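What follows is a set of notes on a single structure, which appears directly below.
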Amino acid sequence: MWSPYCGAAPAPGEWLARWNGDPLLGLGFVLAVAMWSRWGDHEAKKSATGAGLTALFLFLSPFCVLGSALFTIRVVHDVILVALLAPLVMKAFALERRAVHGSLALYTAVHALVFLVWHAPPLYAAAMSYDAVFWAMQITITGTAAIWWAQVVRAPAAAAVGALLATMVAMGLLGALLTFARTALYAPHWLTTQAWGLSPLEDQQLAGVVMWAPASLIYLLAALKILYRSFSPEPAR
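Each residue of the sequence shown is one higher than the one before, starting from 747 at the first, in the numbering used here.
This is the structure in structure tokens:
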């Protein structure tokens, strides 16, 4: 049987009461709050606050255990990791100001590969069975995404747009594979979706649509924002 870090899959009527009571994670948040007052400048402190609140939602709130029932929620969780938590971590630690060896193309490939590999059914099943594997998944996805975002921010507009579009394509391809798959691939959810009115395959297809459309749209909007800024005239000094 599966033993998800967030807890066993909840029934629809109980999930809002299923907060994560992990004492070590709770202690980590207490220590993070204690460190908050000593954080860097105002912008870094705001980003650290945002990162903490995002992590609280992902790992302590009932949203966490809802992902034990529905693969769609797990995909939303992972999209939040790369599209919201990772940029906040980047700003909180000022990663965009730190020298990092390697090209943007390399970090784009690493970011996409890490995300894709963790969604291979065997590795995903392991993450839903062992806490250590679960946290390895969370840390590597968020960490590589944060470093990648830092490289995107520092890169010339053309290179940044190329990296964003390449990542969008990778995300879209995975989403399409999940959407059009004819069998349910993720064993941890074979028996957990029915209570929510979805078959495992329907849940997987919905997750694919989330990854294919809204998640890919995030990267497209970021690319368009960079293009807009690159073509906008600089303000007169």
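No residue lacks a Cβ here, since even glycine has one placed at the ideal position from N, Cα and C.
Please read these numbers as outputs of a predicted model, since none were measured by experiment.
Check, Outcome
"Closest residue to A927 among M917, G954, M914 and T938 (Cα-Cα distance)", "G954"
"Distance between A941 and G921 (C-alpha atoms, nearest Å)", "24 Å"
"Inter-stretch contact at 8 Å, needing at least 3 Cβ pairs: the stretch 904 to 920 / the stretch 855 to 862", "yes"
"Cut-off 7 Å between Cβ atoms - residues of its own chain near T737, not counting five sequence neighbours on either side", "Residue 737 lies beyond the residue range present for the chain, which begins at 747 and ends at 983; the question has no answer from this structure."
"Beta-carbon proximity check, L834 vs A909, cutoff 8 Å", "no"
"Residue ranges of each alpha helix (DSSP H) within the stretch 775 to 849, 4 or longer", "788 to 805, 808 to 815, 817 to 826 and 832 to 838"
"Test item: CB-CB of V956 and V811 under 8 Å", "no"
"Short Cβ contact (8 Å threshold) for E842 with V899", "yes"
"Nearest candidate by alpha-carbon position, reference A801, set F775, L816 and R784", "F775"
"Buried or exposed by the 16-neighbour rule on C-beta atoms within 10 Å, applied to A961", "buried"
"A832 vs A892 beta-carbon contact at 8 Å", "yes"
"C-alpha gap between A794 and P758, whole angstroms", "33 Å"
"Through-space distance from A901 to G848, alpha-carbon basis", "12 Å"
"Backbone secondary structure at L967 - three-state DSSP", "helix"
"Residues near L773 in its chain [Cβ-Cβ closer than 7 Å; skip 5 each side]", "none"
"Beta-carbon proximity of L973 to A903, cut-off 8 Å", "yes"
"Counted within 10 angstroms of its Cβ, other Cβ atoms place L967 as buried (16 or more) or exposed", "exposed"
"Inter-residue Cα distance where the pair is L852 and E760", "44 Å"
"Beta-carbon gap between R844 and P808 smaller than 8 Å", "no"
"Contacting residues, own chain, Cβ-Cβ under 6 Å from A933 (five flanking each side not counted)", "A871"
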